[in-house]
Amino acid sequence: MENKFSIEDAVTKLWDKLDGWLDAIILKLPNIIMAIVVMILFYILARVIRKLLRKLLAKSVNQKSVQEIIGKVAFVIIMLLGFFVALGVLELNKVLTSILAGAGVIGLAIGLALQGTLNNTFGGLILSFMPKLKIDDFIESDGYSGFVSEINLRNIVLRQPDNNYVVIPNSNFIDGSFTNYSISERSRISIACGVGYESSLQEVEDLVVKLISDNFAQKEDEGVEFFFTEFGDSSINFIVRFWIDMANNKHKLAATHKAVKIIKENFDNQNINIPFPIRTLDFNKNNLQVLIDNGSEKA
-16 MENKFSIEDA
-6 VTKLWDKLDG
4 WLDAIILKLP
14 NIIMAIVVMI
24 LFYILARVIR
34 KLLRKLLAKS
44 VNQKSVQEII
54 GKVAFVIIML
64 LGFFVALGVL
74 ELNKVLTSIL
84 AGAGVIGLAI
94 GLALQGTLNN
104 TFGGLILSFM
114 PKLKIDDFIE
124 SDGYSGFVSE
134 INLRNIVLRQ
144 PDNNYVVIPN
154 SNFIDGSFTN
164 YSISERSRIS
174 IACGVGYESS
184 LQEVEDLVVK
194 LISDNFAQKE
204 DEGVEFFFTE
214 FGDSSINFIV
224 RFWIDMANNK
234 HKLAATHKAV
244 KIIKENFDNQ
254 NINIPFPIRT
264 LDFNKNNLQV
274 LIDNGSEKA
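Reminder that position 51 of the sequence shown reads as 34 in the working numbering, one-by-one numbering, no gaps.
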């Protein structure tokens, strides 16, 4: 006997199926409401615990990045617990078992697919607990310098002095090197200059050392260091090194600016020449030929 498709039979079966689902939903309605309530309660609990953790960590941990990451991890863990409890309320134990059984396989697949992202995540955890790196520190890394404005699980954000932001992936930052100008209160800077060959070198040294010592206070075990470095093309060159309070690059620029002005002004007062490169053209040893209008040459 040939089976014939009947629209009425299909609609009846679909309606019976929907009716069965509706009955199941009505029967499970108390469980569904309870599961929603459980998720809401766990959400509130997660927010409260995150807030409490931040307050407790603020007293013992100075790094804001550590406080933020621990708070986020605690929030996620509590929400996952709430999700599993909600599944239990809905009597979806088989679903829960399937989720837990497949978590390992899914985790492995995600780990292989997101190696770079996981690298950055673990890098963020490492950076957050590094004692040599904190929010608002002024650092230099990979050719960029600025204040650390954010450390998260993916990248570190630098606010440059011109107010532009640089985002550096954590993996790149961990594998590379960086300079933190905010760790130490004092740093030593160098200024290079040159004086004419006719200058008294001892007079130059004594004057520069006195100027720097008078204008930049040096603490114990510090001091102004002066060294002549080379016989240049048009000058005898030297460097002077001294210590300053320095927490960022602006302090270095300001100190250099001040020292250069002081040295130049006093060199002028003492008639000490700071020469610039000079090139002399000698035509006596060369034959200079000029082309005249009639085509002949005149030596």
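Don't be surprised by glycine CBs; every beta carbon is placed ideally from N, CA and C.
Excluding five sequence positions before and after I174, the CB atoms of its chain that fall closer than 7 angstroms to its own CB belong to I222, V223, T239, A242, V243, given in chain order. Linking D145 to R137 through their CA atoms gives a straight-line distance of about 24 angstroms.
Taking 7 angstroms as the cut-off, the beta carbon of Y127 is found closer than this to the beta carbon of L141. Secondary structure of L141 (DSSP, three-state): strand.
A18 sits away from V59, with the two beta carbons spaced by 7 angstroms or more. Straight across, the Cα-Cα distance linking I255 with I245 is about 13 angstroms. The DSSP-derived three-state label of P260 is coil. By the criterion of a C-beta distance shorter than 6 angstroms, S170 is surrounded in its chain by M229, once the five residues flanking it on both sides are discounted.
In the structure shown, V192 adopts helical secondary structure according to DSSP, grouped into three states. Between D120 and S167, the alpha-carbon positions lie close to 11 angstroms from each other. According to the DSSP assignment, D228 belongs to the beta strand (DSSP E) that extends over 219 to 228.
Between the C-alpha atoms of L36 and G54 there is a straight-line separation of about 6 angstroms. With respect to the C-alpha of E188, the residue from V31, R33, V20, Q253 having the closest C-alpha is Q253. Boundaries of the alpha helix (DSSP H) around I246: 232 to 252. In terms of CA proximity to D204, F225 leads the group D197, F225, I61, F250.
Put simply, the backbone Cα of E123 is about 12 angstroms away from that of I139.
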